[in-house]
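Numbering (the working numbering), first residue to last: 801 to 1090.
Every residue gets a Cβ at the ideal spot worked out from N, C-alpha and C, and that includes glycine.
Data first, discussion second: the structure below is written as structure tokens.
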């Protein structure tokens, strides 16, 4: 009789253990949970730790961490009729698991639905902005307006929208080539204009320099002639004074100068010995009478 009782007790313990394990679940720090009964939400649990439920109930877990939403790149037509490729992204987290399950069911479904809405809001906002706005300080203001337009729709999903950003703004390939060609043509035209202006400045500067050169040379020649005339006059004055003091010595000195200039190396002269040119060679002493 003891054995059937032990078996029954063991079976009861096993059943209790199974039922107990089915009634206990754990929520991690990075999770929040939703208790379901027959597929219908019963309660949401956001506190981490050990929790209890009925064995017939099951649990779905949702992230508490900030998640990414990175929709595909889309082409947008701006207000200045330029087309650009916009790569946007958002940061979000689930704050109401029950509402999130009702509207989106799961994260993949939410990313698909809300990603389309994000792209739609971006298209609508950028359609009112020129390209220069995306390349200036107005870019931050545009992103703020986009985020403000998505905050309330996100709450309908039980989601808190943390941030919305436009990551990259690229021109389409064909547009990029056209813009590059226009920029290249503009730079070539600007370079030609600067080159022409430089040549004009060069010609003007060179003409001014040539004119100034002529003036400087003319003034220098005038001063040189003046100084040369003054020097010749002073020389003649000195020579005249010297001649008046000793005419015979001065005549001898002038003859020596004439000899030095006439009798260069290799000079051949045919003159009579009693020629006037050699009169000082025929005298024993300078100044003696012939």
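Please classify residue 914 as buried or exposed, where buried requires at least 16 neighbouring CB atoms within 10 angstroms.
Residue burial is scored here from C-beta neighbours: residue 914 has at least 16 other C-beta atoms within 10 angstroms and is therefore classed as buried.
Option in 823, 830, 967 with minimal Cα separation from residue 888
Comparing Cα-Cα distances from residue 888 to each of 823, 830, 967, the minimum goes to 967.
Does the count of Cβ pairs from the stretch 946-964 and the stretch 885-904 closer than 8 angstroms reach three?
Touching, yes, given that three or more Cβ pairs across the two stretches are closer than 8 angstroms.
Out of 829, 1022, 854, point me to the one whose CA is closest to residue 838's CA.
The residue from 829, 1022, 854 with its alpha-carbon nearest to that of residue 838 is 854.
Our contact map puts residue 863 next to residue 831 with C-beta atoms below 8 angstroms; I'd like the distance itself, whole angstroms only.
Right, the Cβ-Cβ distance comes to about 7 angstroms (below 8 angstroms), so this counts as a contact.
Considering Cα atoms alone, identify which of 906, 1011, 868, 886 is closest to residue 762.
The structure shown does not extend to residue 762, since the chain spans only 801 to 1090, so no value can be given for it.
For residue 857, which residues of its own chain have a beta-carbon under 6 angstroms away from its beta-carbon, when the five flanking residues on both sides are left out?
Cβ within range, chain order: 835, 837.
Identity of the residue in 971, 851, 982, 897 nearest residue 931 by Cα:
Nearest option by C-alpha distance: 971.
Ignore the nearest five residues each way along the sequence and tell me which others in residue 824's own chain have a CB closer than 7 angstroms to its CB.
Cβ neighbours of residue 824 beyond the five flanking positions: 850, 852.
Under 8 angstroms, with one C-beta from each stretch per pair, do the stretch 940-959 and the stretch 918-929 reach the 3-pair mark?
The answer is yes - the stretch 918-929 touches the stretch 940-959, with three or more Cβ pairs under 8 angstroms.
Look up residue 807 in the DSSP assignment and say whether it is helix, strand or coil.
Helix, per DSSP.
If you drop the 5 nearest sequence neighbours on each side, which residues of the same chain put their C-beta closer than 6 angstroms to that of residue 1090?
Annotation note: pLDDT 37 at residue 1090 (below 50); position unreliable, coordinate value reported separately. Apart from sequence neighbours up to five positions away, no residue of its chain approaches residue 1090 with a beta-carbon distance below 6 angstroms.
With distances taken between CB atoms, is the gap from residue 958 to residue 897 smaller than 8 angstroms?
For the 8 angstroms CB-CB criterion, residue 958 and residue 897 form a contact.
Going by Cα to Cα distance, which pick from 1031, 969, 881, 996 is closest to residue 936?
When only C-alpha atoms are compared, the closest one is 969.
Bridge partners of residue 868, per DSSP?
Beta-bridge annotation (DSSP): residue 868 is paired with 891.
Where the beta strand (DSSP E) through residue 856 begins and ends:
Boundaries for residue 856: no beta strand (DSSP E) harbours it, and the DSSP string shows neither H nor E there.
Strictly under 8 angstroms for the Cβ-Cβ distance: is residue 813 near chain D by that measure?
Looking for chain D here will not work: only one protein chain is present.
Around the C-beta of residue 922, are 16 or more other C-beta atoms found within 10 angstroms, so that it is buried, or is it exposed?
Burial call: buried.
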